[in-house]
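**Student:** Please see the structure below; I have some questions.
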Amino acid sequence: MAELHKDFLFVLIKSLTTSEKRQFTLYVNRLGINADAKFLLLFSELDKMKEYDEHIIINKKISTKQQLSNLKAHLYKQILVSLRMNPSHQNYRIQLREQLDFANILYQKGLYKQALKILDKAKQTALELDEKSIASEIIDLEKVIESQFITRSIEGRADELIRESTEISKQNHYATELSNLSLKLYSEMLTKGYVKNDEDRAEIMQIFNAQIQKINFKKLNFTEKLWYFKAHVWKNQLLQEYKYTLKYAFQWVDLFHKNPEMIVSHPVW
Numbered sequence: 164m165a166e167l168h169k170d171f172l173f174v175l176i177k178s179l180t181t182s183e184k185r186q187f188t189l190y191v192n193r194l195g196i197n198a199d200a201k202f203l204l205l206f207s208e209l210d211k212m213k214e215y216d217e218h219i220i221i222n223k224k225i226s227t228k229q230q231l232s233n234l235k236a237h238l239y240k241q242i243l244v245s246l247r248m249n250p251s252h253q254n255y256r257i258q259l260r261e262q263l264d265f266a267n268i269l270y271q272k273g274l275y276k277q278a279l280k281i282l283d284k285a286k287q288t289a290l291e292l293d294e295k296s297i298a299s300e301i302i303d304l305e306k307v308i309e310s311q312f313i314t315r316s317i318e319g320r321a322d323e324l325i326r327e328s329t330e331i332s333k334q335n336h337y338a339t340e341l342s343n344l345s346l347k348l349y350s351e352m353l354t355k356g357y358v359k360n361d362e363d364r365a366e367i368m369q370i371f372n373a374q375i376q377k378i379n380f381k382k383l384n385f386t387e388k389l390w391y392f393k394a395h396v397w398k399n400q401l402l403q404e405y406k407y408t409l410k411y412a413f414q415w416v417d418l419f420h421k422n423p424e425m426i427v428s429h430p431v432w
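Each residue of the sequence shown is one higher than the one before, counting from 164 in this note's numbering.
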């Protein structure tokens, strides 16, 4: 018998609310799938289980041992697709990614102006929400379309895209540096614990200062500020300087209070 945490599908099904299970059933019905389809039988059986037991599935002839892995993978994917359609799970990243997908489809069909219209709107939203990775992808697709001289765009369009691309690249660099620092310090805390002597303290300060001294706080946007505060929290936690841990933890939380629209895309903050 597999342990609970080792079977992702079982854990996912057990995490579903009654409403989400109902939506999954409706989603499957809309696809016109036979109620006796094996992946539906598997879903029903796993939902009944208290603990995951592969032998029950095989003994009930829902699947053979050889086919079970593929069947579980298919069910896992269908549940995720259903959850993606649930309004309660819609966040800015999913919506922006969807708009980028739509623009790619229009581009492939040769509907370039329609694609650019969607991209421009999605880009503005991405920039407002500080979703730089998606904004960068959007600009890359805009550049692909514009560089082919398809739209005969207004003068200055190329300069505008170059400026936007350069600025986002700089911001992504800041975010990468700070997120790497935050993750490194968090890893140090989990693997080595608090500093025990002057040598440990010097090592942490060397890691911290090597990155933080490159950063100009005034140039940071929301995401970079979030990583900046996190890095300070983990550093001061390691040094057991709790006064400063609290200071930066408050700033971390206050950042969201000042930008409440960001909470939706950062549910665990």
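Ideal Cβ positions, reconstructed from N, Cα and C, are used throughout, including at glycine.
Keep in mind that this is a model prediction, so the values were computed, not measured.
With C-beta atoms as the reference, is I331 less than 8 Å away from K295?
**Tutor:** In contact: I331 and K295 (Cβ atoms closer than 8 Å).
**Student:** Would you mind listing the alpha helix (DSSP H) stretches within the region 347-396 that are 4+ residues and don't spill past its ends, in chain order?
**Tutor:** Runs found: 361-375.
**Student:** What three-state label does DSSP hand D322 in the structure shown?
**Tutor:** Of the three classes helix, strand and coil, the one that applies to D322 here is helix, per DSSP.
**Student:** Touching or not, the region 262-274 and the region 201-215, by the rule of three or more beta carbon pairs under 8 Å?
**Tutor:** Contact fails: fewer than three Cβ-Cβ distances are below 8 Å.
**Student:** Assuming S207 is part of the alpha helix (DSSP H), what are its boundary residues?
**Tutor:** Per DSSP, S207 belongs to the alpha helix (DSSP H) from K201 to K211.
**Student:** Span of the alpha helix (DSSP H) holding Q258?
**Tutor:** Residues Y255 to Q271.
**Student:** Can you list, in chain order, the residues of its chain with a C-beta nearer than 6 Å to that of K393? Leave out the 5 residues immediately preceding and following it.
**Tutor:** Closer than 6 Å at Cβ, skipping near neighbours: S345.
**Student:** Nearest to L389 by alpha carbon, out of D210, F371 and V416?
**Tutor:** The candidate whose alpha carbon is nearest that of L389 is V416.
**Student:** Tell me which residue opens and which closes the alpha helix (DSSP H) that I301 is part of.
**Tutor:** Note, I301: alpha helix (DSSP H), K295 to S310.
**Student:** Runs of 4 residues minimum, wholly inside the region 212-248: which ones carry the alpha helix (DSSP H) assignment?
**Tutor:** Runs of the alpha helix (DSSP H) inside the region 212-248: 217-222 and 228-248.
**Student:** Can you tell me whether DSSP reads V191 as helix, strand or coil?
**Tutor:** Note: V191 maps to helix in three-state DSSP.
**Student:** For Q241 and E261, I'd like the C-alpha separation in whole angstroms.
**Tutor:** Roughly 17 Å separates the two Cα atoms.
**Student:** Give the DSSP-derived three-state secondary structure of H109 in the structure shown.
**Tutor:** Limits of the chain in this structure are 164 at one end and 432 at the other, which puts residue 109 out of reach.
**Student:** CA-CA distance, R256 and A412?
**Tutor:** The alpha-carbon atoms of R256 and A412 are separated by roughly 25 Å.
**Student:** On a CA-only basis, which of Y337, L409 and S232 is nearest W397? Give me that one, please.
**Tutor:** Closest option to W397, Cα to Cα, is L409.
**Student:** Here's a check: name, in chain order, each residue in its chain whose Cβ is nearer than 6 Å to the Cβ of M164, leaving out the five neighbours to either side.
**Tutor:** A caution first: M164 carries a pLDDT of 39, below 50, which makes its placement in the model unreliable, though a value can still be read off. Within the same chain, M164 has close Cβ partners D216.
**Student:** Answer yes if the region 178-192 comes into contact with the region 216-226, meaning at least three C-beta pairs across the two stretches below 8 Å, and no otherwise.
**Tutor:** No, because fewer than three Cβ pairs between the region 216-226 and the region 178-192 fall closer than 8 Å, the two stretches do not touch.
**Student:** So what's V427 in DSSP terms, helix, strand or just coil?
**Tutor:** In this structure, V427 counts as coil in the three-state DSSP scheme.
**Student:** With C-beta atoms as the reference, is L279 less than 8 Å away from I308?
**Tutor:** Taking 8 Å as the Cβ cut-off, L279 and I308 qualify as a contacting pair.
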